[in-house]
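Participant:
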């Protein structure tokens with residue numbers, strides 16, 4: 001069975017995950033940051049797109065856990081743009097860079113998985129994670145990556161913290177980027193809970209699966 005996939009993100013009250021400058025903005029409350037740490041610690045793997053690596057340079061680690069107990073770090077990087085000195089390659093925690101067959105780059109400190117001809121084939125990646133015994137996958141972003149998981153019908157849960165700020169900006173990124181969906185193809189969600197966390201609120205949804213949609 002493929003991993004249970006949780007998309008987790010934080011957005012402003014007007015639905016932005018970063019400013020128009022596309023730089024990291026602290027949106028989460030202290031309470032939400034603690035929740036995210038616990039969610040990471042309870043996951044077998046944490047996944048981001050290369051855009052998040054380039055913009056934010058995250059470690060994707062749980063500091064309270066020893067290196068060998070941390071979740072596997074996964075970067076979607078079809079064109080091999082992850083910098084050699086990216087923090088996701090450091091710290092002694094295993095890292096898997098999923099890239100396309102056309103990409104010949106390798107990275108010190110990371111295992112490379114080539115799946116898909118010109119861009120990463122997510123189903124191929126899920127098959128490999130299933131083979132490795134990954135049962136719970138946390139997808140943290142960015143918007144293009146989240147959109148691709150929704151498009152392929154791979155998301156099981158969507159958890160979004162709504163912070164008490166407004167950034168605005170027509171071109172500011174949102175949680176789900178990409179080309180978007182027509183109304184008849186929109187992703188249907190079922191609200192499970194709403195929890196106030198500091199000055200913001202956490203919304204937890206499950207994805208309503210259609211009969212023909214992958215489980």
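In the working numbering, the protein residues as written are 1 to 215.
Where is the CB? At the ideal position from N, CA and C, for every residue including glycine.
On a predicted model such as this, the values are computed, not experimentally measured, just so you know.
Tell me the start and end of each unbroken alpha helix (DSSP H) in the segment 99-167 that is at least 4 residues and wholly inside, in chain order.
Facilitator: Those alpha helix (DSSP H) runs which fall completely within the segment 99-167 and span 4+ residues are 122-131, 143-151.
Participant: Measure the alpha-carbon distance for residue 170 versus residue 68 and round it to whole angstroms.
Facilitator: As a working note, residue 170 is residue 170 in the chain shown. As a working note, residue 68 is residue 68 in the chain shown. Straight across, the Cα-Cα distance linking residue 170 with residue 68 is about 42 angstroms.
Participant: Closer than 8 angstroms by C-beta to residue 89: which residues in its own chain qualify, once you throw out the five before and the five after it? Chain order, please.
Facilitator: The residue labelled residue 89 in the question sits at position 89 within the chain shown. If we look at residue 89 and ignore the five residues flanking it on each side, its Cβ neighbours are 82, 95, 107, 108, 109, 110.
Participant: What residues match up with residue 73 in a beta bridge as DSSP calls it?
Facilitator: As a position in the chain shown, residue 73 is number 73, starting the count at 1. According to DSSP, which records beta bridges pairwise, residue 73 is partnered with 46, 95.
Participant: By how many angstroms is the C-alpha of residue 85 removed from the C-alpha of residue 211?
Facilitator: The residue labelled residue 211 in the question sits at position 211 within the chain shown. The residue labelled residue 85 in the question sits at position 85 within the chain shown. Caution applies to residue 211, whose pLDDT of 47 falls short of 50 and renders its modelled position unreliable; the model cannot decide the point.
Participant: Tell me whether residue 18 sits in a helix, a strand or coil according to DSSP, three-state version.
Facilitator: As a working mapping, residue 18 is identified with position 18 in the chain shown. Residue 18 falls in the coil class under three-state DSSP.
Participant: Please tell me whether residue 196 has its Cβ less than 9 angstroms away from any Cβ of chain B.
Facilitator: Of the protein chains in the structure, only one exists, and it is not chain B.
Participant: So, residue 217 versus residue 97, is the Cβ gap smaller than 9 angstroms?
Facilitator: Residue 217 falls outside the range modelled here, since the chain spans only 1 to 215, and no answer is possible.
Participant: Count the CB pairs spanning the segment 28-43 and the segment 155-164 that are closer than 8 angstroms, and state whether there are at least three.
Facilitator: Verdict: yes, contact present.
Participant: What residue range is occupied by the uninterrupted beta strand (DSSP E) comprising residue 201?
Facilitator: Numbered from 1 along the chain shown, position 201 holds the residue referred to as residue 201. Element bounds for residue 201: 200-207.
Participant: Kindly give me the distance between the Cβ atoms of residue 44 and residue 130, rounded to whole angstroms, as I take these residues to be in contact under 8 angstroms.
Facilitator: Position 44 of the chain shown, counting from 1, holds the residue named residue 44. Position 130 of the chain shown, counting from 1, holds the residue named residue 130. Residue 44 to residue 130, Cβ: 11 angstroms. No contact.
Participant: Taking the alpha-carbon of residue 196 as reference, which of 35, 14, 8 has the nearest alpha-carbon?
Facilitator: Sequence index remark: in the chain shown, residue 196 carries index 196 (1-based). The residue with the shortest Cα to Cα distance from residue 196 is 35.
Participant: Report the option in 190, 14, 20, 30 whose CA atom is closest to the CA atom of residue 199.
Facilitator: For this step, residue 199 is matched to residue 199 along the chain shown. The shortest C-alpha separation from residue 199 is found at 30.
Participant: Per DSSP, residue 9 forms a beta bridge with which residues?
Facilitator: The residue labelled residue 9 in the question sits at position 9 within the chain shown. Residue 9 pairs with 160.
Participant: For residue 190, list the residues DSSP reports as bridge partners.
Facilitator: Counted from its first residue, the chain shown places residue 190 at position 190. Answer by DSSP bridge pairing, in chain order: 206.
Participant: Note down, in chain order, each residue of its chain lying with its Cβ closer than 6 angstroms to the Cβ of residue 61, except the 5 sequence neighbours on either side.
Facilitator: To locate residue 61, count along the chain shown from 1; it is residue 61. So the list reads 70, 91, 93, once near-sequence residues are dropped.
Participant: Report all residues from its chain with a CB closer than 7 angstroms to the CB of residue 5; omit the five preceding and five following residues, and keep chain order.
Facilitator: For the purposes of this step, residue 5 is taken as the residue at position 5 of the chain shown. Excluding residues within five positions, the ones whose Cβ falls inside 7 angstroms are 137, 139, 149, 154, 155, 156.
Participant: Output needed for residue 32: all residues of its chain with C-beta closer than 6 angstroms, excluding positions within five of it in sequence on either side, in chain order.
Facilitator: The count along the chain shown starts at 1 and reaches residue 32 at position 32. Cβ neighbours of residue 32 beyond the five flanking positions: 161, 197.
Participant: Using CA atoms only, rank isn't needed, just tell me which of 75, 114, 175, 183 is closest to residue 19.
Facilitator: Indexing the chain shown from 1 puts residue 19 at position 19. Measuring from the Cα of residue 19, the nearest candidate turns out to be 175.
Participant: Work out the CA separation of residue 100 and residue 16 for me, nearest whole Å.
Facilitator: Here residue 16 corresponds to residue number 16 of the chain shown, with the count starting at 1. Here residue 100 corresponds to residue number 100 of the chain shown, with the count starting at 1. Between residue 16 and residue 100, the C-alpha separation is close to 29 angstroms.
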